[in-house]
Amino acid sequence: MKQIVYYYSSKGSNRYLAKKISSDFNCEIEEIKPRLNSHFLMLMGINFGNRKIKSNIEDYDRIILCGPIWMGKFIIPLKNFVNKFNEKIKDLIFVTCCGSPFEKKDEKFGHNLIFNEVKSVLNAKCSHCEAFPITLVLPDELKNDTSAFMKTHLNDENFKGEIKTIYDNFINNIQK
Ligand SMILES: Cc1cc2nc3c(=O)[nH]c(=O)nc-3n(C[C@H](O)[C@H](O)[C@H](O)COP(=O)(O)O)c2cc1C
Numbered sequence: 019m020k021q022i023v024y025y026y027s028s029k030g031s032n033r034y035l036a037k038k039i040s041s042d043f044n045c046e047i048e049e050i051k052p053r054l055n056s057h058f059l060m061l062m063g064i065n066f067g068n069r070k071i072k073s074n075i076e077d078y079d080r081i082i083l084c085g086p087i088w089m090g091k092f093i094i095p096l097k098n099f100v101n102k103f104n105e106k107i108k109d110l111i112f113v114t115c116c117g118s119p120f121e122k123k124d125e126k127f128g129h130n131l132i133f134n135e136v137k138s139v140l141n142a143k144c145s146h147c148e149a150f151p152i153t154l155v156l157p158d159e160l161k162n163d164t165s166a167f168m169k170t171h172l173n174d175e176n177f178k179g180e181i182k183t184i185y186d187n188f189i190n191n192i193q194k
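Quick note: the sequence shown uses the numbering used here, first residue 19, plus one each step.
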């Protein structure tokens, strides 16, 4: 099966995750680059589209799309990507390193809302969604501390324990 990872990352955690997946799957990786890479303006809904991607989506049996969640939204660069290539996508797995923990996944800023949106845009072509909440790498006393998770980014030092177990299960399950 020919696979590729596409990712957008502002602070680096989703880049880290995307690179790890591409390395474990031994597959290609390409960054999604918005024409206007302003966090603030994208949050305001200002959308100038993405730069052209280099790879040809039709060549791939499966796409792994990786990126963050902001303000309970499916962020503009990822939404642009899915809308533009919807017809060409055969199978897509959505992966996010986000802030919302599993116990808050259905709340206003929870990752499940975005998973439902991706599934509704792509219908059956979205075969799986997986969240890697950044809170998993924080000590218990900081798990509810918003400023702590905003300052924390995935790296080789903190990618261990629970997040690593979830990641290994994810890799094993989708490889089957
Ligand atoms: C402005 C802003 C809004 C955010 N809103 C949410 C949110 O609604 N839900 C969530 O799960 N995480 C939220 N987060 C957390 C990010 O998804 C998380 O920090 C992510 O790991 C950042 O990815 P990156 O390092 O690849 O940019 C938000 C982060 C920022 C900066």
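For glycine and all other residues, C-beta sits at the position ideal for the given N, C-alpha and C.
Any non-hydrogen atom of ligand 1 within 7 Å of residue i CB
i    : result
S31  : yes
G179 : no
S27  : yes
G63  : no
F133 : no
P86  : yes
M89  : yes
I94  : no
S40  : no
F127 : yes
S165 : no
G67  : no
S118 : yes
M19  : no
H146 : no
M60  : no
K50  : Reading the sequence as shown, one finds Ile at residue 50 and not Lys. Outside the cutoff, so no.
I152 : yes
C115 : yes
Bridge-paired residues (DSSP) for residue i
i    : result
F167 : F167 is not bridged to any residue.
E49  : Y25
N199 : Lying outside 19 to 194, the shown extent of the chain, residue 199 is not represented and no answer is given.
N162 : N162 is not bridged to any residue.
N68  : P52
Minimum Cβ-Cβ distance from residue i to chain B less than 8 Å
i   : result
S31 : Absent here is chain B; the protein component of the structure consists of one chain.
Cβ pair count under 8 Å reaching 3, the segment 119-131 against the segment 38-56: No: the two stretches stay apart, fewer than three of their Cβ pairs being nearer than 8 Å.
Ignoring anything shorter than 4 residues or poking outside the segment 112-150, list the alpha helix (DSSP H) runs there in chain order. For the segment 112-150, whole alpha helix (DSSP H) runs of length 4 or above, ordered along the chain, are 129-140.
For the segment 113-127 and the segment 135-154, state whether three or more C-beta atom pairs, one from each stretch, are separated by less than 8 Å. Contact between the segment 113-127 and the segment 135-154 is present, with at least three C-beta pairs closer than 8 Å.
Continuous beta strand (DSSP E) assignments of at least 3 residues falling wholly in the segment 79-111: If we require 3 residues or more, the beta strand (DSSP E) runs fully inside the segment 79-111 come out as 80-84.
Are the segment 64-73 and the segment 36-43 touching, with three or more C-beta to C-beta distances below 8 Å? Short answer: they don't touch.
For the pair the segment 106-118 and the segment 71-81, tell me if three or more CB-CB distances fall below 8 Å. By the Cβ rule, the segment 106-118 counts as touching the segment 71-81, because three or more pairs are nearer than 8 Å.
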